[in-house]
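Accompanying notes for the structure given below.
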Amino acid sequence: MSGRSLIFLDLDGTIEDSRADMAAAANRVRLGFGLGQRDARQLHSLVNQGMQRLYESCFDDYLTISAGVDRQARMEALRIAYETDYAQHIVDTTQLYAGMASALRSLSSRGSLVCYTNKPEALATLLLQRLNVGDLFAAVIGGDSFAESKPSPAPMRMIAARLHAAGKAVMIGDSGADQEAAHNFGAAFLWCAWGYTATPPAGSTAASSPEELPRLVDLALSH
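Just so you know, the sequence shown maps onto residues 7 to 229 in my numbering.
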């Protein structure tokens with residue numbers, strides 16, 4: 007893969023919308039820990055900000071520190087329970103955004119695809135495989151793959167070295183963290199208008215649909 011361009015893609019809110027399945031998993035785990043369910047729509051805004059934030063927001067009552075409570079032990083119990091449950095229901099409702107499968111196939115002919123997400127690597131890899139696009143990716147960077155994650159460029163640099171990639175790079179995502187990671191790495195950034203974030207980061211190039219991505223990636227890599 008020497009000399010190939012690198013095309014980094016965020017996962018949630020860029021390739022697919024997994025909020026419903028993640029919220030449902032949170033409610034099932036809450037029941038399993040003897041907690042009441044919460045409104046799924048309210049949980050949607052809490053499950054897309056990284057796993058640490060998910061646990062702290064969706065299980066704040068369980069993690070409340072009191073006499074005799076080991077917060078770290080409870081956090082680890084939550085992590086195991088949540089990852090186990092979510093893996094079993096990872097594509098109950100989650101689907102690729104319309105036009106994304108074709109866009110990914112087209113992009114894979116332009117460079118090496120790398121998924122860069124804050125989801126745990128094993129779950130991200132499983133989700134891509136269950137969505138039948140996993141084989142298009144040269145690598146998956148999860149939130150637990152390296153000591154740092156988004157918006158750090160360090161994992162991007164490590165993967166670039168691992169793939170012996172020396173070409174130009176572009177990052178496709180829907181958030182300011184994605185844009186910051188791209189900037190820190192020295193990659194062009196494309197913002198997905200269909201994602202979780204309603205307002206584009208300042209100075210970003212917007213893609214209105216997945217079908218636009220190949221053309222915009224071509225433009226970004228040509229400069």
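All C-beta atoms in this analysis are idealised placements derived from N, C-alpha and C, irrespective of residue type, glycine included.
Query - Burial state of residue 124 (16 or more Cβ within 10 Å) - result: buried
Requested in this report: Just the C-alpha distance for residue 193 and residue 37, rounded to the nearest angstrom, thanks.
Outcome: Here the C-alpha atom of residue 193 lies approximately 43 Å from the C-alpha atom of residue 37.
Query - Selection from 12, 10, 20, 11 that minimises the alpha carbon distance to residue 182 - result: 20
**Report entry** residue 113 versus residue 173 - alpha carbon distance
**Finding:** 15 Å
Report task. Starting from the Cα of residue 148, find the closest Cα among 106, 210, 156 and give me that residue. Result -> 156
Query raised in the report: Which whole-angstrom value describes the C-beta separation of residue 35 and residue 88, a residue pair presumed to lie in contact below a C-beta threshold of 8 Å?
Result: The pair is a contact, with the Cβ atoms about 5 Å apart (cut-off 8 Å).
Query - Residue burial classification, residue 165 (beta-carbon count within 10 angstroms, cutoff 16) - result: buried
**Report entry** Rounded separation between residue 55 and residue 220 - CA only
**Finding:** 27 Å
Report task. Can you grab the Cα-Cα spacing for the pair residue 67 / residue 180, in whole Å? Result -> 30 Å
Requested in this report: Using alpha carbons as the reference points, say which of 82, 48, 43, 47 lies closest to residue 61.
Outcome: 82
Query raised in the report: Nearest to residue 110 by alpha carbon, out of 84, 128, 138, 96?
Result: 138
**Report entry** Those runs of the alpha helix (DSSP H) which lie wholly inside the region 143-203 and span at least 4 residues
**Finding:** Entirely contained in the region 143-203, the alpha helix (DSSP H) runs reaching 4 residues are, in chain order, 160-168, 182-191.
Requested in this report: Whole angstroms is fine: what's the gap from residue 101's alpha carbon to residue 71's?
Outcome: 38 Å
Query raised in the report: Quick one: is residue 77 buried, meaning 16 or more other Cβ sit within 10 Å of its Cβ, or exposed?
Result: exposed
Report task. Ignore the nearest five residues each way along the sequence and tell me which others in residue 24's own chain have a CB closer than 6 Å to its CB. Result -> 18, 100
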